[in-house]
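Contents: one structure, followed by commentary.
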Amino acid sequence: MHISDFLPKNGLFDSHCHLEGNIEQVMGKSRQHGVSGVFNAAIDIKTSKNGVLLAQKYPDYIKTFIGIDPQVFIPNHEFFLGFHYSDNQVEDFRRQLEEIYSSAKEAVIGIGETGMDFYWIKDLDQESQQKSKSLQLKLYEVHLQLATQLKLPLTIHSRRAEKECLEVIVKNTLSVKGIFHSFTGNYEIAKAILDSGNGLGVNGIITFKNANDLRDVYKKIVGKLTGEESPEFFYQKGIFFETDSPFLAPEGKRGETNYPYNVKDIFEFFVNYLK
Ligand SMILES: [Zn+2]
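The opening residue of the sequence shown carries number 56 in my numbering; numbering runs sequentially from there.
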């Protein structure tokens, strides 16, 4: 299996965003920019349910990932739920997500965002780092089991944990694939992700002035382009485009609210930069 088998084959879509604000306005502007659809990513049970409602309301344009962001187990993070969670309580998230899925299968494109984040824990004491890592891993495995069971793709948050996130997938299942969204790792891990049939998510970071290393990674992966390549050309290779809006607005708009229609600018920047 390849990640592109799980996702639409045509058109430029936003493969990872967090929808908010005036949805009809956001959709209208995205359509004007030629964006064929948007995939909302949940961060907890509440946003999973909201994502489903949005996708049910606008079934031809919005689908949603359902899941719990790993940052719920990172102290000082706004999503932090605490370290008191038992394995059973983490397991229970799977039951809750499965229930959400069963109530609205057609609204759900996949599972996430899930994964692991070692960036925000790097300054914590040793014990807190270990606690955070073990809870994040448990939660990630719960998502992998659910994705395997439901045959759905994953959207994976892997900041400073790309290798670890890939190892867990490869070890646990061969049938489920994911997009390593907002990928910022090195060439070796990028290649390992693509070679394993998983995907990479390119967002506004690729346009940032200080993102030369990341641009070099993609240069090495895709080689020289003509500038005429379609989104599908990249999907087949496992490369997808996203905004992660409202975060990570592209260069020139940094600090502003990001919107799904900016995926068009990200795609054009990517193709033009690499030609
Ligand atoms: Zn996100």
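Glycine included, each C-beta is placed from N, C-alpha and C at the ideal position. Since the structure is predicted, the reported quantities are computational estimates derived from the model, not experimental observations.
Using beta carbons (cut-off 8 Å, strictly below), is residue i in contact with chain C?
i      : result
Ser237 : The structure shown contains no chain C; it holds only a single protein chain.
Residue i and residue j look like a contact to me (Cβ under 8 Å); what is the Cβ gap, rounded to whole Å?
i      : j      : result
Glu168 : His212 : 5 Å
Ile129 : Ser189 : Going by Cβ atoms, the distance from Ile129 to Ser189 rounds to 13 Å, so no, they are not a contact pair.
Val163 : Val107 : 7 Å
Pro301 : His73  : 6 Å
Val272 : Ala247 : At roughly 12 Å, the Cβ-Cβ gap does not stay under 8 Å, so Val272 and Ala247 are not in contact.
Please report the straight-line C-alpha distance between residue i and residue j, rounded to a whole angstrom.
i      : j      : result
Ala110 : Gly165 : 12 Å
Lys84  : Tyr316 : 6 Å
Phe324 : Pro63  : 22 Å
Phe92  : Asp69  : As written in the sequence, residue 92 is Gly, which differs from the Phe given in the question. Their backbone Cα atoms lie some 6 Å apart in a straight line.
Phe61  : Asn241 : 25 Å
Gln200 : His132 : 26 Å
Gln191 : His71  : 20 Å
Tyr174 : Lys193 : 18 Å
Gln151 : Ile78  : 26 Å
Glu182 : Leu329 : 44 Å
Leu209 : Val231 : 8 Å
Asp299 : Asn143 : 31 Å
Ile321 : Glu297 : 8 Å
Gly137 : Asp250 : 36 Å
Glu222 : Ile117 : 31 Å
Ala96  : Leu280 : 30 Å
Val81  : Lys160 : 24 Å
Ala202 : Asp178 : 32 Å
Starting from the C-beta of residue i, find all residues in its chain whose C-beta is less than 6 Å away, skip the five residues before and the five after it, and write them out in chain order.
i      : result
Arg309 : none
Cys220 : Gly170, Met171, Ile211, Ser213
His57  : Gly252
Asn227 : Leu199
Glu311 : Ala304
Near residue i, what residues of its chain come up, given a Cβ to Cβ distance below 8 Å and the 5 sequence neighbours on each side ignored?
i      : result
Lys319 : Leu67, His88, Gly89, Val90
Leu303 : Ser237, Asn258, Gly259, Ile260, Asn313
Asp99  : Ile123, Asp124, Val127, Phe134
Gly307 : Thr262
Ser59  : Gly254, Tyr290, Gln291, Gly293
In its own chain, which residues sit with a C-beta less than 7 Å from the C-beta of residue i, not counting the 5 before and 5 after it?
i      : result
Tyr156 : Ile121, Val163, Leu205
Lys275 : Tyr242
Arg270 : Ile261, Tyr328
Gly256 : Ser70, His71, Ile234, Phe235, His236, Ser237, Phe238, Phe295, Glu297
Glu146 : Val197
Lys104 : Ile155
At least 3 beta-carbon pairs within less than 8 Å: the region 264-273 vs the region 284-292: no
If we require 3 or more residues per run, which beta strand (DSSP E) segments fall completely within the region 131-162? none
Could I get the ranges of all uninterrupted beta strand (DSSP E) runs contained in the region 242-327, with 3 residues as the minimum, in chain order? 254-257, 294-296
What are the uninterrupted segments assigned as alpha helix (DSSP H) that are 4 or more residues long and contained completely in the region 210-242, given in chain order? 217-227
Which ranges does the beta strand (DSSP E) cover as unbroken runs of at least 3 residues, wholly within the region 69-111, from first to last along the chain? Within the region 69-111, the complete beta strand (DSSP E) runs of at least 3 residues are 90-96.
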